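Residue numbers (my numbering): 13 to 471.
Following this line, the structure appears as structure tokens:
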């Protein structure tokens, strides 16, 4: 790492070199970020490493990344992954019988060269945080975070690094909000035990309700493209909401624990500023949902304070149970007072009939302008339903999904915080030529483009 660094990167290099307890004795400054990385690394290791009861001990350099499903069934059925990058094989890698898989030195050397090539192209110290995450994901997703024989070994080094960053940034945010500058005193000794018992973190969960009805509200003609457009749109909608939250909190996607199936989890700092962002997201996103979809789609957003101790061992289960109970309550008790007034007022924008004789043939919304449905010109639909069908056509052969504040041809609307946002499917060539206005990019099933968030989308 040192050969890629500039003099101003000394604090980061120091944290890399001194993130283990024995190395911290060399640190003189009590406000050095090495203490945060040390504690975050310990928390990540405590969260993702579990012992196995087979009597094994020691380490093995040939130990591969194990399947997470090895915790079920007997040891004879254990499986593991070959040591490779995500780019080496276009096909998804499935776990193989454990005895047939070895992580040899040559495989590690190949990954090292791959990582080196990326850093020679652009120094990791000059990369945006999310760009560096994409590089690490591509290279380290099948590298085990621990080669201890007595541990499950089913967490990748990439996931361990990402979780370490999530803990560190949340910890830093909490310390900044409470004017804590002496990191050494905060995370070591007796004070460190007290720190781990403090509710410094927020476990955040979001869930979009109404997905099934939204996706399957389509006519029979052009059903495949209609389904594709709506399902991909909802997936990007969820990712976009996550990125809006992270951007408002000045965080990277390392703080994203999980996203998929209409739900996400985030690990954030327990500060008044973070809670204010979450409240604003809940209000503004659902205002937008009401305006565009009435009550058909709803974003439930919940959070609960947590301590580091809760993320170690069995406590994690209680933290997730707690936030999911709050989320379930939010899904039953939807909307703020102002939003309920809109929904119950016959003269509000969401209830006002723009043209009683003109109704979208798909979503049955009364709108002032209808247009022929691309798959069946005999019926007339609203611009959004027509746009989702056209989006389903374009997303089949366009790999880049672009979010912009400017509505380009064929773009469909997305919610935003204090702004408008639009989604379009574009070719890589058009994006590289600067022909498309963009702010945020997602790529389908590709790990070779580090600036883009990678999404696995069925063809």
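C-beta: ideal position from N, C-alpha, C; glycine also.
This one's a predicted model, so the numbers in the text were calculated from it and none came from an experiment.
Per the coordinates, the alpha-carbon of residue 322 lies some 15 Å from the alpha-carbon of residue 315.
Listed in chain order, the beta strand (DSSP E) elements of length 3 or more contained wholly in the stretch 72 to 96 are 91 to 93.
Residue environment for residue 358: exposed (fewer than 16 other C-beta atoms within 10 angstroms of its C-beta). For residue 183, the closest C-alpha among the options 265, 47, 452 and 28 is that of 47.
Its Cα nearest to that of residue 58, the residue 179 stands out among 38, 343 and 179. Around the Cβ of residue 412, a 10 Å sphere holds 16 or more other Cβ atoms; the residue is buried. When only Cα atoms are considered, residue 129 and residue 350 end up about 54 Å apart. Going by DSSP, residue 318 is part of the beta strand (DSSP E) stretching over 310 to 318.
Below 8 Å, enough C-beta pairs join the stretch 426 to 445 and the stretch 243 to 255 to call them touching: three or more. Between the C-alpha atoms of residue 156 and residue 54 there is a straight-line separation of about 16 Å. Of 289, 310 and 288, the smallest CA-CA separation from residue 298 is found for 310.
Inclusion of residue 361 and residue 419 in the CB contact set at 9 Å is not warranted, their separation being larger than that value. Taking C-beta separations shorter than 7 Å and ignoring five residues to either side along the sequence, the partners of residue 426 in its chain run 249, 252, 415, 433, 434 and 435, following chain order. Cβ contact annotation for residue 189 (same chain, cutoff 8 Å, sequence separation greater than five): 281, 283, 284 and 285, in chain order. With respect to residue 174, residue 215 sits apart: the two C-beta atoms are not nearer than 9 Å. The Cβ atoms of residue 220 and residue 275 lie closer than 9 Å to each other. Distances from the CA of residue 340 to each of 312, 391, 329 and 386 were compared; the closest alpha carbon is that of 312. Between residue 444 and residue 262, the alpha-carbon positions lie close to 26 Å from each other. Comparing alpha-carbon positions, the option among 268, 396, 44 and 388 lying closest to residue 197 turns out to be 44. Residue 228 is not a Cβ neighbour of residue 236, given a cutoff of 9 Å. In chain order, 370, 372, 373, 382, 383, 384 and 385 place their CB closer than 8 Å to the CB of residue 392, counting only its own chain and leaving out the 5 sequence neighbours on each side.
Residue 39 carries a coil assignment under DSSP once its states are collapsed to helix, strand and coil.
With a beta-carbon spacing of about 5 Å, residue 244 and residue 407 fall inside the 8 Å limit used to define contacts. For residue 402 against residue 422, the beta-carbon gap comes to about 6 Å, under 8 Å, which counts as contact.
The Cβ neighbour count for residue 265, taken over all protein chains shown within 10 Å, is at least 16; the residue is labelled buried.
Pairing residue 305 with residue 222 gives a Cβ-Cβ distance under 9 Å.
Per DSSP, the continuous alpha helix (DSSP H) segment holding residue 237 begins and ends at 235 to 260. Beta-bridge pairing by DSSP links residue 433 to 426. Classified as exposed, residue 141 has fewer than 16 neighbouring CB atoms from the shown chains inside 10 Å of its CB. Judged by DSSP in its simplified three-state form, residue 417 adopts coil rather than helix or strand. Here residue 16 has 131, 135, 136 and 137 as same chain residues with Cβ atoms under 7 Å from its own Cβ, once five neighbours each way along the sequence are excluded. Assigned with DSSP and collapsed to three states, residue 307 falls in coil, not helix or strand.
Taking C-beta separations shorter than 6 Å and ignoring five residues to either side along the sequence, the partners of residue 212 in its chain run 186 and 282, following chain order. For residue 390, the enclosing beta strand (DSSP E) covers residues 388 to 393. Inter-residue distance for residue 49 and residue 176 is about 7 Å (C-alpha atoms, whole angstroms).
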